[in-house]
Structure formats: C-alpha cells, structure tokens
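Have a look at the structure below before the remarks.
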Ligand code: SF4
C-alpha cells in the first residue's frame, strides 16, 4: 500500500449528504477484474451528461459543466470535502480505488459509513471525521476563494492557510499502517500461531463449523 | 457482571487476540465469495505467493453478473464480454485455490445471501463475511455476519481472520404483531424511516420483540438484510426453535449426534436478560401499514396511505435539500399521494425478497389477476436454483406467467442492473430490492422499495395501492 504521511492539497467541495457508493462508482464499472482504471469514472453519473459505458473513453463523453469536479478551479484537488454519511451503500472497494486514482487522498466529512471508512485505510486514503461546524466553515472557504490545507497524519492535525490547526482522531493501528504503508495481512500473519491455537480450540468446541459435505 | 448481548457472545467466542491499540483479531467461520469483489483479492494472494488459510471455510457463486434468461447456455449465455470474463475469473480462481463453487450451471447457484442459508452453510453462532454489504442477511441465524471490502476478502482468505473494532449494541424492539398484509420488509423500511440510514452506524443491531419472534426465517433474513441500509454493518436475531427447524437437514448442517450437540450449544445464542444495550428503539409493529419509498434513500419512506412529504416537514436544512433533490430526481411533487404514483416496471427479486415465501406471497396476490396494461414489464427473479425449483413444483411460475409476469433464472438481476435487466430513464419501478439510490436500477431509473405483496399489487393496479384491499377481495377480485 502507498504510505500516507503528509499532504498539501486543494479542497474539492461536494455539498451533498449520504453520497452512496453507487454514486462514487456506478455498477457498470465493477465488471473489471483489475484494481485500476476507475478514476475516470469517479462520480460518473454526475460528472458526465451521457450514460456511463465501460467501453467509452472520457474523450467520447459529454462533460457536465455544472458538476463541481469539472470546475476549472478545483482541478488537481486532492482533498474531498463531503457531508454526513459519506460512502454509504455497498461494500465495493472500487469506490476508494476510484477516489485514489483520481488523486483524492483525503476525505473530510462529519460522518462516514463503516465499510467505506475501513476500505479507505486499506488503500492509502485518509478519511477524517470533523465536526459539523468545521465542515460548514470549510465549505464556505472552498466555495469562496478556494482553500488549500496541509494534512499531517503523524501529528494528527490539519493546518489551515491562516495557520490555525485542527486536530483529528485516528485509530492508532490504522495510523501506523498508513504511515508505514504496511500490508495488514503481513501484520496479521505475525500472529499465525495464535490463530492456529484459537482454531484448534474452536474446532474442539464447535466441530460442526468445520469441513464440507462430501 | 452484567449479562452479555448476543453480539457480545458471538464476539467473545471468535476473539483470537485483543490488541493494545483497541483492534482485535476475529476468527471467521464462513466466507462467501462472488465474482464482483473477489478477483482483485485472489490476484493479491497470487502476487504475494499466499494460499487460503482454510479452504473449507469458503464457498463461491456467481450472482451479480449472470444473465437471468437462457441459463442453460451457461457462460456462453453471457453476452457482455467484460461480465463474462469476470464470471470466468471466479471459476478459474476457485479451481486454482481449490474453493467450492456453485458455478453458473450448478443447480445450487443463486444470490450468495440466499444460497448460504439455503445450503445450511450459514449456521447459528458463526461469523460470516462476504465482499458484499448485504451479508448482514445471515445475522437472522444468530450469527455475526457483515460485509467486507476486497482487501478484507484477501485478508480473510489469507488469515481466516479480520481486524475489527467492536461495535456498540443497539436493540430494536418491534412490539405487538404485524397486521395481515404487512411484512418483514415493511418493518425494515419503517425502522429505517425512523432511525435514518445512518442511525445504526457504529452499532450492531439486534432485532427483537414479539413481531420479530413471530417471523419465519425468510422474514428474519429480510429484516437483517436491511440492517446495512440503516447504517449497521450487522443485524441479528436471537436463536429459537424457528432457527433450529430451518437449519435441520440442510446439506451443510451437522447431522445426527453432532446436530444435537450443536443445538444444545445454540440455545445460548440469545442476549442475557440483564444484558445492557447502548441504545434501544421501540417500534409498534401493530400500527404499521405497507411501506413505499418515495425518494432516493431507503429512509425516504411512508405508509401506502401517505403522501410525499411537504418540504416544511424537513427537520434540517440538509434534509430539506436532500428531499428536494430526491423529488426532482424521482419526478414527484410534495404532497402527492403515494397511490397516485404510476409504475412502469415491477421487479420481484434480490437478496431481500426472492425466497420461496416471498414468491408465494406475491403469487397469492397475482393469482387470477393480470398485470396492468400500462406496466411495461413485470418480472420475478427467484433467489436461487432451489427456490426456482420449489416454486415451479408448487406451480407458482404458472400463476406469474398467466398474469403476464416474466419468470427468470436466479441472480441479482435488476437489483443493481449489472446485467441486461434495467430501468429506462424516468421509469418508476416497484422493486422488492433494498436500495433506491439514483441510477441503481438503471441510469435515470426511479426505484420505489416495497414488499413482494405490494410489488405484486402495483403490477396489477398499474400504480401503488394498498395490497390489503386486494387480499380482502380474494383471488381475482376487483382491485
Ligand atoms: S441482490 Fe442486490 S443487494 Fe443482494 S447481493 Fe445482489 S446486488 Fe447486492
């Protein structure tokens, strides 16, 4: 996994609540067996005026000029600003792959859906929960002049252009994995003996959980 | 010491290791796989030179991308080349890693959440995961079941464990009994309407109360299936006789002596009387009527006698904006009566409502009636091969076909419209699935979530209507 340490970036404001994973990456793009190739279809139904088709390249599509992602002033943004319950709906990790590939490495929102939230950490994307009031303020800034923020994971702070800092919470295990770009399967396998031991006891307690009919 | 909730018990029984940083390693008993969220996980295993930790814990079946017509052609019947590669990739991966697969031509193939319970591969007391958010369905068996992302699919394959943080406990108590014609689906929608689509975030839900105890396993699965739509990764129902009798005799269930031994252990799969929940919600089941969603989130729901809400009723500016945008998308006005909303297509299927009981209930409404002329298409997609077989043995397919419904082969179908089954732009659909998100059932399509009975009634009437009037009129009675 790509490590995440510090990032200085422009904020892309997406002023909608309950943005679901079907909006982040519509299902017709889930047919791929690869982990890449999703960035061009991030927010597809909002971003283009015509219906998304995996066979079409972005050049063949009709751009929706009213969608914030297409506005010239937010090009190159790497921080997504969103409203509550971001990422609700399906477990598709493709949603995070699409965000990451597009270049969005941080998502700021007042709340996230659980599965999406944990998927982010597996892909070098940092989701940060901020208070509603702070999110409102950031929306005002982003809509006005636009705003650039510095996100420092090690210090767990976001630096505003004014120099003001906002502290944020992050789970210590997930933080370490992100900072070091750790493969968490590798980390878990350092406990292989404990897993084996548990498994043996579990099998004695509940033998019906093991095996398959012939 | 305070008593433990069912969730606490399941958690404790699968805790491999509690780490200092608050995370825990949780052992996984059953891992279900399908074609959409697994290819990248298998690829990851291959690249790292890893093998599955315990092959017999895994079962796979293709469901999202399979066509629901001309099944006898197998893979050759998949006309979309990209979808075909995905289904073939699942076959190849299962072969390479030795994983049991109910492939496209296997009589047991179906929607993964219908297949697991049906085969007895989902058992009480298990931890069950799948790269699909509706894995919460399996919680109906007093199991801890939830959806995971693709990286976690790879993690479970490689380690038989998940890294988790314990969620909080929420109990949802449905008091009284559901009136006739009001189903588990209506209860689920009413709960989501009450607590909102983020109401369960961070919680594991336990559904209890008289109305839940009275539900069949099919109904409990419908209820737990929708837990994720309330924001909860997992929902569950305590073990009882209904659970036991459902499991008995299924292919993967223990047999003979081992079954008795298991049954004894399963009796403990209930929350202790003195267990403490972090949150509790009561809902009066006896006061519910059939529910219909009007918007683009499952929480935008009202009873069938209700209306699309007035914007003034919104609780916040955000909610008002959400409602406005949903009404625009759905082509509805505030104050419009639900029964005035016309229906262009009808979809009876999905992991929420495609089990035999759902099909029987829908067929009872349809029997002796016809799909309204204004309805372009009405289809029934059984959840699995065995459901389809059973329905045909009971002659249900003839009831549907005589009324003008299409009778399809098992799969996810128009629930998410990855295959050819989908809505046209602007079309309204009475759907028994679980998500009414924008574009979910087709670009510009407008989904209304309802129970199978209500979908059947809408097909017959051409608009939403209270199914209870049709039930009262009897087979073929005037709508
Ligand atoms: S039926 Fe629908 S919700 Fe269920 S697994 Fe298939 S696509 Fe997902």
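Chains as they are written, first to last, in the working numbering: chain A, 1 to 214; chain B, 215 to 693. For each residue, glycine too, the CB sits at the ideal point set by N, CA and C.
Check	Outcome
Distance between beta carbons of residue 20 of chain A and residue 416 of chain B, contact taken as under 8 angstroms	Actually they do not touch by this definition, with Cβ atoms about 18 angstroms apart.
Buried/exposed call for residue 496 of chain B, threshold 16 Cβ in 10 Å	exposed
Range of the contiguous alpha helix (DSSP H) that encloses residue 670 of chain B	666 to 675
Inter-residue CB distance, residue 330 of chain B and residue 352 of chain B (contact presumed, cutoff 8 angstroms)	6 angstroms
Cα-Cα separation, residue 135 of chain A to residue 110 of chain A	7 angstroms
Continuous beta strand (DSSP E) stretch holding residue 88 of chain A: start and end	That residue, residue 88 of chain A, is in no beta strand (DSSP E); it is neither H nor E in DSSP.
Residue 244 of chain B, buried or exposed, once every other Cβ within 10 Å from all chains shown has been counted against 16	buried
Distance CB(residue 272 of chain B)-CB(residue 242 of chain B) smaller than 7 angstroms	no
Cutoff 7 angstroms: residue 40 of chain A Cβ touching any chain B Cβ	no
Backbone secondary structure at residue 96 of chain A - three-state DSSP	helix
Cβ pair count under 8 angstroms reaching 3, the region 341 to 356 of chain B against the region 88 to 100 of chain A	yes
Straight-line gap, residue 444 of chain B to residue 104 of chain A (C-alpha atoms, nearest Å)	27 angstroms
Any C-beta of chain B under 7 angstroms from that of residue 188 of chain A	yes
Residue 643 of chain B CB to nearest heavy atom of the ligand SF4 below 6 angstroms	no
Three-way DSSP call (helix, strand, coil) for residue 570 of chain B in this model	helix
Interface flag, residue 221 of chain A vs chain B, CB-CB below 7 angstroms	The structure shown does not extend to residue 221 of chain A, since chain A spans only 1 to 214, so no value can be given for it.
Short CB-CB distance (under 7 angstroms) between residue 303 of chain B and chain A	yes
7 angstroms CB neighbourhood of residue 621 of chain B in its chain, flanking five on each side removed	594, 611, 614, 615
Selection of the region 12 to 36 of chain A by Cβ proximity to chain B, strictly under 8 angstroms	16, 17, 18, 20, 22, 23, 26, 27, 28, 30, 31, 32, 33, 34, 35
DSSP state of residue 449 of chain B mapped onto helix, strand, coil	strand
Chain-ordered neighbours of residue 632 of chain B on chain A, where CB pairs are closer than 9 angstroms	27, 28, 30, 31
Proximity test, residue 629 of chain B beta-carbon vs the ligand SF4 heavy atom, cut-off 6 angstroms	yes
Where residue 568 of chain B meets chain A, residues with beta-carbon distance less than 7 angstroms	Residues of chain A passing the Cβ test: none, with the nearest at roughly 18 angstroms.
Chain-ordered chain B contacts of residue 184 of chain A [CB-CB under 7 angstroms]	369, 377
Reference residue 333 of chain B, options B:462, B:537, B:655, closest by Cα	B:462
Three-state class that DSSP yields for residue 279 of chain B in the structure shown	coil
Those runs of the alpha helix (DSSP H) which lie wholly inside the region 553 to 598 of chain B and span at least 4 residues	570 to 580
At least 3 beta-carbon pairs within less than 8 angstroms: the region 439 to 453 of chain B vs the region 353 to 363 of chain B	yes
Chain-ordered chain B contacts of residue 54 of chain A [CB-CB under 7 angstroms]	296
Contact under 7 angstroms by Cβ, residue 552 of chain B with residue 678 of chain B	yes
Members of the region 129 to 144 of chain A that neighbour chain B once the beta carbon cut-off is set at 7 angstroms	none
Against chain A: residues of the region 461 to 490 of chain B by CB proximity under 7 angstroms	465, 466, 468, 472, 476, 479
Residue 360 of chain B beta carbon near the ligand SF4 (any heavy atom closer than 6 angstroms)	no
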